[in-house]
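A.B. asks: Submitted below is the structure of interest, expressed as structure tokens.
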Amino acid sequence: MAPNIAPVQTSQQHPKSTTVVIIGGGIVGLMAALSLSERGIPVVLLEKGKLAGEQSSRNLGWVRKTSRAAADVPMATASDRLWANLSQRLGADLGYSQTGIMFLAASENEMAAHAAWKKSVDHLALDTQLLSNREIDSLAPGGRGNWAGAIYTPSDGRAEPSLAASAIAAGAIRNGAIIVENCAVRTLSLSGGKVSGVVTEFGEIRCDQVLLAGGMWSRRFLSKHKVNLPTLPLVLSVMRTAPMDGPTEIATGGPDFSFRKRLDGGFTISQRGAVKAPLTLDHLLLGTRFLPALKHQRHLLRISLGREFFSDLLLRRGWSGSQTSPFERVRTMDPPVDAGINAEAMRNISAAWPIFEQAEIIETWAGMMDVTPDSLPVVGPVSQVPGLMLATGFSGHGFGTAPAAGQLAADLLTGDSPIIDPYPYRLERFEG
């Protein structure tokens with residue numbers, strides 16, 4: 000099950016028309032709704048299940064620039080500025096703090112990779128530093144690791160997934176946005192080849208534009224309209240501890256573990272070196288597009304063929320607006336926790352910092368991410384379907400960059416000057 004989020008009083012009404020419909024109640028869609036509502040633009044956000052019920056409540060809560068692709072750093076930097084003011088903007092505590100993020104290197108090769116990344120973004124004037132093992136000890140005392148070094152960005156931070164999406168949703172509602180849960184969008188309505196509305200399980204809503212922010216469901220929705228979005232699923236298992244002392248306030252990633260301090264005094268922990276890759280039909284359809292990424296990341300993947308393959312096959316890939324859609328059949332994707340991977344994480348983290356031997360695990364969960372071939376999201380228009388905009392494919396990075404991603408989507412919808420250059424995020428980069 001997903002961690003509980005702060006409750007939000009959403010709408011029971013099903014409006015007949017609006018200016019913009021947003022499909023998907025994750026944090027990116029909610030940020031877009033907030034940004035549009037602050038500009039006085041009528042917006043209706045529709046979520047097939049519960050707000051932030053999938054990856055927006057299940058992620059690690061990291062807000063980072065470190066080790067992002069150079070093309071993605073401007074979005075992360077813009078999000079830093081927005082995160083810093085978001086609590087005041089919303090009048091709510093999001094648990095945001097710039098306590099830094101540190102990635103440890105177990106070998107000289109790993110350290111060389113960190114140094115190469117730092118050099119690749121030197122022109123962006125980040126506060127990133129390369130650390131020695133002695134400096135790691137001073138920042139996170141009590142460890143046993145004989146590290147080759149680390150890369151550390153003090154201006155990186157963290158926020159609480161259990162608080163952030165709810166506060167953003169409440170802020171959008173106060174500004175006039177209508178948010179409806181348990182309302183699946185089955186298909187787009189088109190007039191003259193252009194978007195004119197959406198067909199939901201409760202009827203049609205007319206609109207001028209649609210923003211699809213459906214996370215891992217976006218590929219299936221777009222396939223109904225013959226738009227190809229290349230994404231594949233990965234599953235990360237996570238756990239949290241009871242309140243405890245820890246080595247540092249800095250969110251830390253080792254080769255095979257990660258931890259970050261929580262607002263409640265506990266830690267969120269994962270096995271950073273292992274994600275489950277459940278095979279689906281899409282792996283056969285898209286596999287060649289992911290070969291370059293597989294070459295560099297194969298050691299991270301725990302590939303499996305099991306019930307996920309057959310469950311995926313049973314979900315429709317074709318339906319009409321009058322038929323029950325896959326989004327009603329699976330309101331919330333709730334993948335099983337991989338207990339073995341979590342046990343590895345605890346062994347690895349305890350070997351590095353023995354204080355974690357005292358950790359009491361009080362909750363575990365898993366989340367399914369939608370990953371693109373280059374690990375960058377798609378934020379921009381769909382040329383084949385005028386009036387349709389995308390903000391999806393965040394590849395496990397959506398929480399940290401959500402403030403800028405949501406604003407960018409709103410900027411593009413309204414024709415305002417975009418907060419960052421949208422060129423790296425265009426859908427057309429996958430053509431050919």
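If you count by numbering that gives the first Met the number 0, then the sequence shown holds residues 0 to 431, one letter each, in order. We put the CB at the ideal spot given by N, CA and C, even for glycine.
1. Going by alpha carbons, who is nearest to V378 out of D255, L283, E427?
2. Using CA atoms only, rank isn't needed, just tell me which of C206, N341, S119 is closest to I361.
3. So if DSSP puts F256 in a beta bridge, which residue, or which two residues, is it bridged to?
4. When you compare only the Cα positions, how much space is there between P325 and G317?
5. For a quick check, are the C-beta atoms of I204 and S416 less than 8 Å apart?
6. From the DSSP output, read off the bridge partner residues of I150.
7. Assuming the contact rule is C-beta atoms closer than 8 Å, R197 and S188 should be a hit. Round their C-beta distance to whole Å, please.
8. In whole angstroms, what is the alpha-carbon distance linking T363 and I268?
9. Below 8 Å on the Cβ atoms is my guess for M367 versus Q54; work out the distance and round it to an integer in Å.
10. Does the beta-carbon distance from G28 to A212 come in below 8 Å?
11. Could you tell me which residues DSSP pairs with V377 in its beta bridges?
12. Excluding the 5 residues flanking R218 on each side, which residues of the same chain have their C-beta closer than 6 Å to its C-beta?
13. Does the beta-carbon of M110 have 16 or more other beta-carbons within 10 angstroms, so that it is buried, or is it exposed?
14. By the DSSP assignment, the alpha helix (DSSP H) with Q406 in it spans what residues?
15. With M368 as the anchor, note down where its beta strand (DSSP E) starts and where it stops.
16. Looking only at its own chain, which residues have a Cβ that is under 6 Å from the Cβ of P254, when we skip the five neighbours before and after it?
17. Quick test of your reading: L125 and K47, contact by CB under 8 Å. State the CB separation rounded to the nearest angstrom.
18. Which residues in the same chain as G52 place their Cβ atom closer than 7 Å to its Cβ, once the five residues preceding and following it in sequence are excluded?
C.D. replies: According to the structure data:
1. E427
2. Its Cα nearest to that of I361, the residue N341 stands out among C206, N341, S119.
3. G253
4. Put simply, the backbone Cα of P325 is about 9 Å away from that of G317.
5. no
6. F102, L129
7. In the sequence under discussion, the amino acid at residue 197 is Val, which differs from the Arg named in the question. 6 Å between Cβ atoms; contact.
8. 10 Å
9. 7 Å
10. yes
11. T391
12. Same-chain partners within the cutoff: L228, T230.
13. buried
14. 397 to 413
15. 360 to 370
16. A105, G272
17. About 38 Å; that fails the 8 Å criterion.
18. A1, T331
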